[in-house]
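Presented below is the structure to which this report refers.
There are 2 protein chains.
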Amino acid sequence: MMTYESKVTIHMVSSLDGFIAKKDNSVSWLESSDSFDKGIVLTEEDITAFLKTIQCYVMGSKTYEHALRLGWPYGDVPVIVLTTRDLKSEIKNVQFYSGDLISLVNHRLKPTYTNIWLVGGSKLTKNCIRLNLVDDILISIMPIILGDGILFFDYIGKEEKLHLKDVKAYKDGMVELWYEIKKE
Amino acid sequence: MMTYESKVTIHMVSSLDGFIAKKDNSVSWLESSDSFDKGIVLTEEDITAFLKTIQCYVMGSKTYEHALRLGWPYGDVPVIVLTTRDLKSEIKNVQFYSGDLISLVNHRLKPTYTNIWLVGGSKLTKNCIRLNLVDDILISIMPIILGDGILFFDYIGKEEKLHLKDVKAYKDGMVELWYEIKKE
């Protein structure tokens, strides 16, 4: 099998208790009012430079519709939306896909892009972990307990050893944990 | 109401996916084989000095029995075990308690001790959060996804804003997040 210098990274923003969405889908909790003195602040330039490295986003259709409502944050970067529904897109570079996840990631995306980001929802990211399609997991933990909602990991039913790659704490109390899934 | 310079801290060791115990109760996952270059290492003296500041532990009866089996790690520090069972202790300074949590914490422990640690299980810690008896939460996240077991937070049913107090990453890939629960 050919290997590519290509990485699939899951990125999710989560509460401390592991929820990525509230039941009512409200998003105000994503804005922290906390203040962590030792935390870092990114400049617009830092963020732009970082986002430029991402070559392709993969997401479920609810995450896609949610992103549309909030104001599309992915610019012209290619986006694959997993869905069996008959959706049309007004956004450039959005493609819908209803086939097999393994062949999408391993045969279509990995040979084309080196930095692929999987940004939810939780069903899609869990399936990708179960199918060994994920290299890295980046979790941004907001300083809040939500107490209810949609769990990111839930009961994934599979043990995975991780390698901690980086930890960053931000001025607003958000903590970013970057892990690599260890291959056996 | 009188206030005391007293703090109740929950400390739990968790997997990245939020589990504090495996279904089979095995504990080998608590020993990390990961290596994080930028991580810190504590000396025996650091740990001893830190543990000396803890004046009282509170735990459920399963956590107590688990600690007994693994080799009692609490020395002669006072330990309160919540249980309705008729347990006897061979360990000095262990007391069993079956009454009300609020009166235990607010009327008995807080006036006596300034640094009280709540070390599980998850039912007890959740109840204490729900009853507003907790000041701080310290979570040590091991570099592993367990995929199943007992969730620490679970669906606690209550939203709590947090203040990030400290973040420490260790050489073995463990990350310690220290939060204060914001009082409204």
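These protein sequence lines map, in sequence, to chains A and B.
Taking this note's numbering, the leading residue of the first sequence gets 1, the next gets one more, and so forth.
Taking this note's numbering, the leading residue of the second sequence gets 185, the next gets one more, and so forth.
Ideal Cβ placement from N, Cα and C applies to all residues, glycine included.
*Under a three-way DSSP split, which group does E343 (chain B) fall into?*
coil
*Look at S324 (chain B) and I204 (chain B) and say whether their C-beta atoms are less than 8 Å apart.*
Taking C-beta atoms as the reference points, S324 (chain B) and I204 (chain B) fail to come closer than 8 Å.
*Using Cβ-Cβ distances below 7 Å, what residues of the region 47-67 of chain A are close to chain B?*
Interface annotation for the region 47-67 of chain A against chain B: empty, criterion Cβ-Cβ distance under 7 Å.
_Residue ranges of each beta strand (DSSP E) within the region 71-118 of chain A, 3 or longer_ = 79-82, 94-97, 115-118
*Give me the Cα-Cα distance between A67 (chain A) and I10 (chain A), rounded to the nearest whole angstrom.*
Approximately 16 Å, taken between the alpha carbons.
*Quick one: does Y97 (chain A) have its CB under 8 Å from some CB of chain B?*
At a cut-off of 8 Å between C-beta atoms, Y97 (chain A) does not count as an interface residue with respect to chain B.
*Are there 16 or more other CB atoms within 10 angstroms of the CB of S210 (chain B), so buried, or fewer, so exposed?*
exposed
*Using a C-beta to C-beta distance shorter than 8 Å, which residues of chain A count as neighbours of Y363 (chain B)?*
L16, P143
*Three-way DSSP call (helix, strand, coil) for S188 (chain A) in this model*: Chain A is shown from 1 up to 184; residue 188 (chain A) falls before or after that span and cannot be answered.
*chain A residues whose Cβ lies nearer than 7 Å to that of I340 (chain B)*: D17, I145, G147
*Would you say D135 (chain A) faces chain B, with C-beta separation under 8 Å as the test?*
no
*Leaving aside the five residues before and after I137 (chain A) along the sequence, list all residues of the same chain whose C-beta is less than 6 Å from its C-beta, in chain order.*
I10, Y179
*asked:* Under 8 Å, with one C-beta from each stretch per pair, do the region 163-170 of chain A and the region 33-44 of chain A reach the 3-pair mark?
replied: yes
*Could you name the residues that DSSP lists as bridge partners for F203 (chain B)?*
B:L335
*asked:* Measuring only the C-alpha atoms, how far is T48 (chain A) from D76 (chain A)?
replied: 13 Å
*Return yes when at least one heavy atom of the ligand COA lies under 7 Å from the C-beta of L162 (chain A), else no.*
Ligands displayed in this structure: none; no statement on the ligand COA is therefore possible.
*Residue range of the alpha helix (DSSP H) that includes I231 (chain B)*: 228-236
*asked:* In the DSSP assignment, the beta strand (DSSP E) including S140 (chain A) goes from what residue to what residue?
replied: 136-142
*Please classify I40 (chain A): is it buried, with 16 or more other beta-carbons within 10 angstroms of its beta-carbon, or exposed?*
Exposed, because fewer than 16 other Cβ atoms sit within 10 Å of the Cβ of I40 (chain A).
*So which residues on chain B does E160 (chain A) lean against when the C-beta distance must stay under 8 Å?*
I328, I329, G331
*Measuring CB to CB, does D17 (chain A) end up less than 8 Å from I145 (chain A)?*
yes
_Against chain B, does L164 (chain A) count as a neighbour if the rule is that its beta carbon must be under 8 Å from one of theirs?_
yes
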